[in-house]
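Which chain is which? The protein sequence lines are A, B and C, in order.
UniProt numbering numbers the first residue of the first sequence as 1 and each following residue consecutively.
UniProt numbering numbers the first residue of the second sequence as 1 and each following residue consecutively.
UniProt numbering numbers the first residue of the third sequence as 1 and each following residue consecutively.
Heads up, the thing below is written out as structure tokens.
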Amino acid sequence: MNSTGNTTTLAGPNERYERGLAVLRQVAGPEQSTVLDGFAEIAPDLTRFVVEFGYGDVYARPGLTLRERQLATVAGLAALGNAAPQLRFHLAGALNVGCSRREIVETLIHVSLYAGFPAALNGLAAAREVFEAYPDTASEEAEVAAEGPDAAETTADRHRRGLTALTEIDGHAGEQVIASLRDIAPDLGRYVIEFAFGDIYSRTGLDLRTRELATVAMCTALGTVAPQLAVHIHGLLNVGGTEEEVVETITQMVGYAGFPAALNGIGVARTVFAERAAGQASTASATES
Amino acid sequence: MNSTGNTTTLAGPNERYERGLAVLRQVAGPEQSTVLDGFAEIAPDLTRFVVEFGYGDVYARPGLTLRERQLATVAGLAALGNAAPQLRFHLAGALNVGCSRREIVETLIHVSLYAGFPAALNGLAAAREVFEAYPDTASEEAEVAAEGPDAAETTADRHRRGLTALTEIDGHAGEQVIASLRDIAPDLGRYVIEFAFGDIYSRTGLDLRTRELATVAMCTALGTVAPQLAVHIHGLLNVGGTEEEVVETITQMVGYAGFPAALNGIGVARTVFAERAAGQASTASATES
Amino acid sequence: MNSTGNTTTLAGPNERYERGLAVLRQVAGPEQSTVLDGFAEIAPDLTRFVVEFGYGDVYARPGLTLRERQLATVAGLAALGNAAPQLRFHLAGALNVGCSRREIVETLIHVSLYAGFPAALNGLAAAREVFEAYPDTASEEAEVAAEGPDAAETTADRHRRGLTALTEIDGHAGEQVIASLRDIAPDLGRYVIEFAFGDIYSRTGLDLRTRELATVAMCTALGTVAPQLAVHIHGLLNVGGTEEEVVETITQMVGYAGFPAALNGIGVARTVFAERAAGQASTASATES
């Protein structure tokens, strides 16, 4: 099975299962124990479907690395906040496929913007448990170090930095959000600039492209925030992501938030891709004339 | 109280309470211990409201059997994923009103399509606990048996079976979903056909009408997937369900996901019913002319 | 930092931190232990952000009392149902800033309308634990007393009382909801009147303005119920709330449900404010002519 949409490939269920099992083993790590243990008796077919479909069809796809798929999954599960065993499994999975502790922690801090502080804090509590149980904790500990506050920094500094980040990432779409708040809730607009973009998006430890991958994953999984999903699909494309990566990130959520969430996410992506194609066409046309 | 909308019935609160208690006892089973135990001291009125309104007004309604109400409730609570004590209670309740273990397991496998694998797996973990604590486990154990993979089956076989199921269930609406994905995420369209309809909807152990009842319940409870709720209201009607059953399934979610979720679900149902009435009118008109 | 939208204030991070810490101490109570304990090692910056942004920027704002912010937060977290540690912290916080047990219990009973009985019951289970651990339980115990059923009350009585409350609170918007259900699900319309407004909204122990504050908080946090959020922003304004209170209640949810939820809530508020401004303009114009 590949990403060409070819439906006549002769890959039988065993091939999908074997491919899925190989990916699952990378995520589950050397101990091979998974969240699937214990389901063999009550629902053996569901276990098989997770391996065949979840890992063999979806995880094994090209277009995103396993590290990116794990960070997107951690972000999506932490944002949903209702799947603690799976979140723990994928936090360990993120370590197993090579994500650093710092990247994981930054991803969870980033979750606070889209699903609130409780989702971020509960995700971090799970991460702390996973990190403690994981070998070689000590050697990497420095990675989790804080950036710390800059005591001399003013709110004006935060505003300036946030506005720069907002413009770089979300461009026109982001500015429109702020402008639309001016008459009714100007402080909320300021918080978007100063806190969301000045404090969080501007942090080091996770590059902007990965932040936007995580954001697209979360907004798809939550299913409640279509306008923001559109803004951040633009954002991912603005900071170097590709349309394939957008589609892959949304598709990765099928197994964690269900088909409707992914289908509706793709619907938003279609609109954004069309907007950008129309914009480039008109730019090209303007340049030619 | 009946479903005629008559508001002048003289049924006082005690009659509603008695009727609710009779239903609650069927769901709670012979041990009579319920999730309501322990709330009498802190919020006695809420306990009363659950009995009067939740069981006396809603559960006691005609239009769905208690078995159907329990499977819809299990699907809705498993999809929401944030009400573990109530999910356990209603898993036992499903057994108490006569659902088989196989039907319950199939309902939870079905949940994976609409709320992801974590929701399905956590629901099954709860089911396993409930089944173990329930008398006569052994005698029914065979019921939970897997259908198992067919080693000779190709992806083309799955595609063919899925397309047949999709067309039977969701008709034109389902085909449109697949067509709309062709330009942007064709593989996601394939997964809908091969996995959702080929692997899951085509399973035995739960008839299509009950699968669609569970789907309408989940989509109503989640509140994030109006387009899919519309498709599956059509689906339920396509596989033999009635408009009354659609309304009852949505109304059943009032107590589990709140009034707004149910009201918005009814709004979607109204649109679907009108579409079908218009379609039949135009068909009739075409036949007459 | 104030609510004027002035972005050039020179308040540095330390000032925001100090202001946030002062508010957090009021919420956390004399023992000073918070849900943030234990995060200092893994994500010290997130802890700082919660204090600076969550408490220093948002909680410290004027426009709502700390008691109102706590009840709105309890309602929002209970409705989401996926943040148990934070819900417990803010239930204790509500007591610490002066909410009575009765107000807290009524708020949680009110949650049942917007997020279902499981959300209300799980919130009450957490409240029971918090109340038991809290000093001076005995002296306030009478406060939690039930209103109890009126055995002579008929459903017609409940209908009459509910209709009066619905008209007072939601006015024209509420009546439209009921009218729209008449053709398709008249009983659901009756339940809105009899149960939601007759049984719950008409309870004493929590004034209507606070009920609508909690409702706006819940509908914002859930993010799935924009039509009902609009109805209840009208409702809050109809029972004496101000536009500032609407904006503050929605802004209070930033830290609990994320920026998109708050931004989308503000979008709904803008529409409602414009509708009311247009309505008053046309009334004024009609009066003048």
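Where is the CB? At the ideal position from N, CA and C, for every residue including glycine.
Quick check: F117(B) and Q86(A), are their CB atoms within less than 9 Å of each other? yes
Ordered along the chain, which non-local residues of its own chain (more than five positions away) have a Cβ less than 6 Å from that of G29(B)? N96
What does the Cβ neighbour count give for T224(A), buried or exposed, with the cut at 16 atoms within 10 Å? buried
Note down, in chain order, every chain B residue with its Cβ under 7 Å from the Cβ of D157(A). Those do not exist, as D157(A) stays about 38 Å from chain B at its closest Cβ, beyond 7 Å.
Is the beta carbon of E106(A) closer than 9 Å to that of G205(A)? yes
V272(B): contacting residues in chain A (beta-carbon distance under 9 Å): Going along chain A, no residue has its Cβ under 9 Å from V272(B), so there is no contact; the nearest lies around 16 Å.
According to DSSP, simplified to helix, strand and coil, what is A138(C)? Confidence in A138(C) is poor, its pLDDT being 47 and thus under 50, which makes the residue's placement unreliable; the coordinate value appears in the next sentence. In the structure shown, A138(C) sits in a helix (DSSP, three-state: H, G or I).
Can at least three beta-carbon pairs, one atom from the region 116-135 of chain B and one from the region 251-265 of chain A, be found at a separation below 8 Å? yes
Among T271(A), F195(A) and V239(A), the one whose alpha carbon lies nearest that of D57(C): F195(A)
L263(C) to L46(C) span [Cα, whole Å]: 22 Å
Beta-carbon proximity check, A72(C) vs L213(C), cutoff 9 Å: yes
Quick check: R19(A) and T251(A), are their CB atoms within less than 9 Å of each other? no
Is there a C-beta anywhere in chain A that falls below 9 Å from the one on residue 290(C)? Here chain C has residues from 1 to 289 only, and residue 290(C) is not among them.
Chain A residues whose Cβ lies nearer than 8 Å to that of L121(B): V35, L36, F39, L46, V50, P85 and Q86
Beta carbon proximity, S202(A) to chain C, threshold 9 Å: no
Can you find a CB in chain C that lies within less than 9 Å of the CB of A269(A)? no
Please report the straight-line C-alpha distance between A226(C) and T154(B), rounded to a whole angstrom. 45 Å
Cβ distance (whole Å) where N115(C) is taken to contact A79(C) below 8 Å: According to the sequence as given, residue 115(C) is Ala; it is not Asn. Sure, about 4 Å apart at Cβ, within 8 Å.
The alpha helix (DSSP H) spanning L117(C) covers which residue range? A quick correction: the sequence has Phe, not Leu, at residue 117(C). F117(C) -> alpha helix (DSSP H) spans R101 to A133.
Is it right to say R182(A) is buried, meaning 16 or more other beta carbons lie within 10 angstroms of its own, or is it exposed? exposed
Which residues of the region 251-264 of chain A have a Cβ closer than 9 Å to any Cβ of chain B? Give them in chain order. T251, M253, V254, G255, Y256, A257, G258, F259, P260, A261, A262, L263 and N264
For M253(B), three-class secondary structure by DSSP: coil
Would a C-beta distance cut-off of 9 Å place V192(B) and V216(B) closer than the cut-off? no
Quick one: measure Cβ to Cβ for G93(B) and L108(B), integer angstroms, because I've assumed they're closer than 8 Å. Not quite, the Cβ-Cβ distance comes to about 14 Å (not below 8 Å), so this is no contact.
Counting contacts by CB-CB distance shorter than 9 Å, is L77(C) in contact with chain B? no
Answer with yes or no whether the minimum CB distance from Q26(C) to chain B is below 9 Å. no
Under 9 Å between C-beta atoms, does I233(B) make it to chain C? no
Taking 9 Å as the threshold (beta carbon to beta carbon), is A138(A) in contact with chain C? Note that A138(A) scores 47 on pLDDT, short of 50, meaning its location in the model is unreliable; the coordinates nonetheless yield the value given after this. So no, A138(A) is outside the interface.
Closer than 7 Å by beta-carbon distance: list the chain A residues that pair up with P227(B), in chain order. N264
Under a three-way DSSP split, which group does residue 290(B) fall into? Summary: the structure shown does not reach residue 290(B), with chain B confined to residues 1 through 289, and so no result is reported for it.
Enclosing alpha helix (DSSP H) for F89(A) [first to last residue]: A84 to N96
Where does S202(C) sit, in a helix, a strand or coil, going by DSSP? coil
Please classify G279(C) as buried or exposed, where buried requires at least 16 other C-beta atoms within 10 Å of its C-beta. exposed
Does the separation of the CB atoms of residue 303(B) and A125(C) fall below 9 Å? Absent from the model: residue 303(B). The displayed extent of chain B is 1 to 289, so no value can be given.
Under the three-state DSSP convention, the category Q280(B) falls into: helix
Using CA coordinates, which residue listed in D170(A), V177(A) and G265(A) is at the minimum distance from L237(A)? D170(A)
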